[in-house]
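Participant: My questions all concern the structure below.
2 protein chains.
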Amino acid sequence: MSNDFKKYLVIGTGALGGFYGAKLAKSGLDVHFLVHSESDYKFIKTHGLKVKSRYGDIYLNAINCYNNPDNMPKGDVILVAIKAFSNNVLKNILPPVIKDSSIIVLLQNGIGGEEYITDLIDNTRIFGGLSILAVSKDGPGLINHHDFGSIKIGQYNPDSNPREVSLQLNEIVDDFEKAGIFASAVPDLMKARWEKLIWNIPFSGLSVLLDADTKQIISNPNSLELAGEIIKDVAMAAEACGKTISPDFQQKMIDITVTMTPYFPSMKLDFDSGKPMEVEAIFGNPLRLARKAGYNAPYISMLYHLLKVLQKR
Amino acid sequence: MSNDFKKYLVIGTGALGGFYGAKLAKSGLDVHFLVHSESDYKFIKTHGLKVKSRYGDIYLNAINCYNNPDNMPKGDVILVAIKAFSNNVLKNILPPVIKDSSIIVLLQNGIGGEEYITDLIDNTRIFGGLSILAVSKDGPGLINHHDFGSIKIGQYNPDSNPREVSLQLNEIVDDFEKAGIFASAVPDLMKARWEKLIWNIPFSGLSVLLDADTKQIISNPNSLELAGEIIKDVAMAAEACGKTISPDFQQKMIDITVTMTPYFPSMKLDFDSGKPMEVEAIFGNPLRLARKAGYNAPYISMLYHLLKVLQKR
């Protein structure tokens, strides 16, 4: 479809949705934002959306924003950027904005998000996006982009097997690339999800448990060694589920964390501000998949249960 | 030896040493206390030692207490009741109080304490005592006995195998029993140490990590399930080291915790008051033994590394 007519929808204008949406809109695409919080909605409607970034600020003053999906146009590409623990609202939000040719890209970490939308749309039109992106929402309409910004997009497959990269997928990746986002298409979405968990499980988990940023985790010999053991556990869980993560990749997750600007993962930011954490998507569902496949995943289990206790408080 | 002449020494008059020493002294035995803190020493010398207990208070007003081992008589039975992380001071404290026939009973949880004293005394005269005891030191000369009070005593064996229960050991157990302490002699000290760890590793570890007492741990379904998984891990570590802990025993440790008066393990009390924790004795040494024996002990490892990080702060 010509980009003159293609409509991108951003469902959830938090840090991540706001960042990608602003980049896509800035590149000239027709982007429509659904804003959940009423105060955010009012602010953005009046003042627009600002992304502060070391790679150049973006300021969108005229912005298509909505507080009700019934008022939105139907989307060609619908980017779902809400937190995984809110996925049960999608059955209400998505129907009015879906048409026969819509594609949904679930911009969520962890495993299991698709099950909330498979009743709403044919599963061949469900995609997932895994971001390496350090962003925070620092105020109404204000997103702070700290580092990174790459995204891998793949097509959902209910049996978790790879799928050929379609023209549609390549088109979306092109749109992201033109918007200055380092994007790539991956044939194996489930493998990409496990690869992301190789970083997320140790560093999000330890950050919350130890009240530490990435640099503090990596600088202490005990948490560094523990991160290595957790990474191995996640890799073994992935292996049990049929996804091989190479030792090189595992080591790379440590290495990039060493060079990273010290950073609190979004789960830690959520925890500190008393918000729910994506414990089921990032820990619970991978744990259950691994155990179903015969691997006990002790480190994931321990992180899962500890975070569940902390979450409850 | 007749109890008229037998001298008991208590090395370290904290909650545990003070409690057992007071009970033994109250029963008529000749007990001599080494008090580390100078202010405690002055207080106890003037005002005596008080144990508050739901099973009856004890008040010792005339007490043999010392601030210097050089002034102490040599001991027939030397109860070492300092924290495991202070064991390196024993090479200075013990020589002046040891005679040829002395017996040392290391009243410490965890594994590895004996290596600090094997140079000081023949290993056949080293014993270990494992307590189930909820006590706290609530002020100078003031010990609060919350619950329990049983002790298992066994003879050290460098190769970790069982040893026949000797007459000497039976005599010590008799002294404890006469003092109203539920004591028993065990042939397999190393097995008793692992059994104690079955409780200590999950409940001390989780208490510190989750800032929770025993009841809070056991009441939350996630920490309860996690405690069960950790217990299994400790049992498998023990098994790798040649000590079988029955599933019944493992379950019993959960069951007694359910019925227990809500309680903060001493490691948690130490942590909260900024004191060091016995992380190496209770987590590090068992972990290294298990790994040497070929079992990875993932839960123990995770607790060990997390506590080491928290300890460092």
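Sequences listed follow chains A and B, in order.
Just so we're aligned: the first sequence equals residues 1 to 313 in the numbering used here.
Just so we're aligned: the second sequence equals residues 314 to 626 in the numbering used here.
Just so it is clear, CB atoms sit at the ideal spot from N, CA and C, and this is done for glycine as well.
Since this is a predicted model, take the numbers as computed values, not measurements.
1) Expressed to the nearest angstrom, what Euclidean distance is found between the alpha-carbon atoms of B:Lys621 and B:Val592?
2) Where in the stretch 7-85 of chain A do unbroken runs of the alpha helix (DSSP H), each at least 4 residues long, occur, reported from the N-terminal end onward?
3) Using a Cβ-Cβ cutoff of less than 6 Å, which residues in the same chain neighbour A:Val165 once the five nearest sequence positions on both sides are dropped?
4) Determine whether the Cβ of A:Met302 lies closer than 7 Å to any Cβ atom of chain B.
5) Any residues in the stretch 271-300 of chain A with a beta carbon nearer than 8 Å to a beta carbon of chain B? Which ones, in chain order?
6) On a CA-only basis, which of A:Ile126, A:Ala179 and A:Leu106 is nearest A:Ala25? Give me that one, please.
7) Using the rule of at least 16 other Cβ atoms within 10 Å of the residue's Cβ for burial, across every protein chain shown, is A:Gln108 buried or exposed?
8) Between B:Thr326 and B:Ser473, what straight-line distance do the alpha-carbon atoms span, to the nearest angstrom?
9) What is the rounded straight-line gap between the Cα of A:Arg313 and the Cα of B:Leu523?
10) May I ask which residues mark the beginning and end of the beta strand (DSSP E) holding B:Lys450?
11) Considering only C-alpha positions, which residue in the set A:Leu90, A:Ile282, A:Ser102 and A:Pro265 is nearest to A:Ile217?
12) Taking Cβ to Cβ, would you say A:Phe33 is nearer than 7 Å to A:Gly48?
13) When DSSP labels each residue in this structure, what does A:Ala237 get in the three-state scheme?
14) I need the boundaries of the beta strand (DSSP E) containing A:Leu106, first residue and last residue.
15) Who are B:Val499's beta bridge partners in DSSP?
16) B:Cys378 and B:Lys358: beta carbons closer than 7 Å?
17) What are the boundary residues of the alpha helix (DSSP H) that A:Ala212 is part of?
18) Flag this pair as yes or no: are the beta carbons of B:His458 and B:Val571 separated by less than 7 Å?
19) Under the rule that 16 or more other beta-carbon atoms within 10 Å means buried, what is A:Pro69, buried or exposed?
20) Hey, is the stretch 609-621 of chain B in contact with the stretch 291-301 of chain A, meaning 3+ C-beta pairs nearer than 8 Å?
21) Tell me whether A:Phe283 counts as near the ligand SAM, meaning its Cβ is closer than 6 Å to at least one heavy atom of that ligand.
22) Give the DSSP bridge partners of B:Phe461, in chain order.
23) Would B:Ile466 and B:Ile511 qualify as a contact pair, given that the criterion is a beta-carbon distance under 7 Å?
24) From A:Tyr55 to A:Ile117, what does the alpha carbon distance come to, in whole angstroms?
25) Select from A:Pro162, A:Ile151, A:Glu171 and A:Phe283 the residue whose C-alpha is nearest the C-alpha of A:Leu29.
26) Which residues in chain E have a C-beta closer than 8 Å to the C-beta of B:Asp546? List them in chain order.
27) For B:Leu455, which beta-bridge partners are listed by DSSP?
28) Using Cβ-Cβ distances below 7 Å, what residues of the stretch 351-366 of chain B are close to chain A?
29) At the level of alpha carbons, what is the spacing between B:Ile624 and A:Val208?
30) If the cut-off is 7 Å on Cβ atoms, which residues from the stretch 214-230 of chain A count as contacting chain B, listed in chain order?
31) Find the nearest neighbour of A:Ser37 within the set A:Lys23, A:Ile82, A:Ile63 and A:Asn88, judged by alpha-carbon distance.
32) Nearest-angstrom Cα distance between B:Ser586 and B:Lys450?
33) If you count every other CB in all the chains shown that lies within 10 Å of the CB of B:Leu480, and 16 or more means buried, which is it?
34) From A:Tyr59 to A:Lys7, what distance separates their C-alpha atoms?
35) Can you name the start and end residues of the alpha helix (DSSP H) that A:Thr257 belongs to?
Facilitator: Looking at the atomic coordinates:
1) Translated into the one-based positions of the second sequence, residue 621 of chain B becomes position 308. Translated into the one-based positions of the second sequence, residue 592 of chain B becomes position 279. Looking at the two C-alpha atoms, the distance is approximately 7 Å.
2) For the stretch 7-85 of chain A, the continuous alpha helix (DSSP H) assignments of 4+ residues that do not extend past its boundaries occur at 15-26 and 38-47, in sequence order.
3) Position 165 of the first sequence, counting from 1, holds the residue named residue 165 of chain A. Counting only Cβ-Cβ distances below 6 Å, and skipping sequence neighbours, we find Ala185 and Pro187.
4) On the first sequence, position 302 is the one that residue 302 of chain A refers to. It does: the Cβ of A:Met302 has a partner Cβ on chain B nearer than 7 Å.
5) For the stretch 271-300 of chain A, the residues whose beta carbon sits under 8 Å from a beta carbon of chain B are, in order, Pro298 and Tyr299.
6) Taking the first sequence and counting its residues from 1, one reaches residue 25 of chain A at position 25. Nearest option by C-alpha distance: A:Ala179.
7) What you label residue 108 of chain A is simply residue 108 of the first sequence in a count that begins at 1. Buried.
8) Here residue 326 of chain B refers to the residue found at position 13 when the second sequence is read from its first residue. Here residue 473 of chain B refers to the residue found at position 160 when the second sequence is read from its first residue. If you take the alpha carbons of B:Thr326 and B:Ser473, they lie about 29 Å apart.
9) Taking the first residue of the first sequence as position 1, residue 313 of chain A is located at position 313. Taking the first residue of the second sequence as position 1, residue 523 of chain B is located at position 210. Approximately 10 Å between the Cα atoms of the pair.
10) In the second sequence, counting from the first residue as 1, residue 450 of chain B sits at position 137. Where B:Lys450 is concerned, the enclosing beta strand (DSSP E) stretches over Ile439 to Gly452.
11) Sequence index remark: in the first sequence, residue 217 of chain A carries index 217 (1-based). Residue A:Pro265 is the option with its Cα nearest to A:Ile217.
12) Start at 1 with the first residue of the first sequence, and residue 33 of chain A comes out as number 33. Start at 1 with the first residue of the first sequence, and residue 48 of chain A comes out as number 48. No. Outside cutoff.
13) Position 237 of the first sequence holds residue 237 of chain A. Under the three-state reduction of DSSP output, A:Ala237 falls in the helix class.
14) In the first sequence, counting from the first residue as 1, residue 106 of chain A sits at position 106. Counting along the chain, the unbroken beta strand (DSSP E) around A:Leu106 starts and ends at Ile103 to Leu106.
15) Within the second sequence, the letter at position 186 stands for residue 499 of chain B. Answer by DSSP bridge pairing, in chain order: B:Gly467.
16) For the purposes of this step, residue 378 of chain B is identified with residue 65 of the second sequence, where counting begins at 1. For the purposes of this step, residue 358 of chain B is identified with residue 45 of the second sequence, where counting begins at 1. Cβ atoms of B:Cys378 and B:Lys358: closer than 7 Å.
17) Counting from one through the first sequence, the residue named residue 212 of chain A turns up at place 212. Segment: none, A:Ala212 is in no alpha helix (DSSP H) and carries neither H nor E.
18) For this step, residue 458 of chain B is matched to residue 145 along the second sequence. For this step, residue 571 of chain B is matched to residue 258 along the second sequence. The answer is no: Cβ separation not under 7 Å.
19) Residue mapping note: residue 69 of chain A aligns to position 69 of the first sequence, counting from 1. When all chains shown are included, A:Pro69 counts as buried.
20) Judged by Cβ distances under 8 Å, the stretch 609-621 of chain B makes contact with the stretch 291-301 of chain A, as three or more pairs qualify.
21) As far as ligands go, the structure on display features none, and thus does not contain the ligand SAM.
22) By one-based count along the second sequence, residue 461 of chain B stands at place 148. BP columns for B:Phe461 point to B:Leu446.
23) Here residue 466 of chain B is taken as the residue at index 153 of the second sequence, counted from 1. Here residue 511 of chain B is taken as the residue at index 198 of the second sequence, counted from 1. No, Cβ-Cβ distance for B:Ile466 and B:Ile511 is not below 7 Å.
24) Position 55 of the first sequence, counted from the start, is the residue given in the question as residue 55 of chain A. Position 117 of the first sequence, counted from the start, is the residue given in the question as residue 117 of chain A. Roughly 34 Å between the two C-alpha positions.
25) One-based indexing of the first sequence puts residue 29 of chain A at position 29. Nearest option by C-alpha distance: A:Glu171.
26) Given the protein chain composition of this structure (A and B), no chain E is represented.
27) The sequence position of residue 455 of chain B within the second sequence is 142, counting from 1. Per DSSP, the beta-bridge partners of B:Leu455 are B:Lys363 and B:Gly452.
28) Answer in chain order: no residues at all.
29) As a working mapping, residue 624 of chain B is identified with position 311 in the second sequence. As a working mapping, residue 208 of chain A is identified with position 208 in the first sequence. For the sequence presented, residue 624 of chain B should be read as Gln rather than Ile. Cα-Cα distance, rounded: 17 Å.
30) Residues passing the 7 Å Cβ filter: Asn220, Asn222, Ser223, Glu225, Leu226 and Glu229.
31) For the purposes of this step, residue 37 of chain A is taken as residue 37 along the first sequence, with counting starting at 1. Closest option to A:Ser37, Cα to Cα, is A:Ile82.
32) Start at 1 with the first residue of the second sequence, and residue 586 of chain B comes out as number 273. Start at 1 with the first residue of the second sequence, and residue 450 of chain B comes out as number 137. Taking the straight line joining both Cα atoms gives about 12 Å.
33) For this step, residue 480 of chain B is matched to residue 167 along the second sequence. B:Leu480 is exposed by the Cβ-count criterion.
34) Here residue 59 of chain A refers to the residue found at position 59 of the first sequence. Here residue 7 of chain A refers to the residue found at position 7 of the first sequence. Our two residues, A:Tyr59 and A:Lys7, have alpha carbons roughly 20 Å apart in a direct line.
35) Position 257 of the first sequence, counted from the first residue, corresponds to residue 257 of chain A. Boundaries of the alpha helix (DSSP H) around A:Thr257: Pro247 to Thr259.
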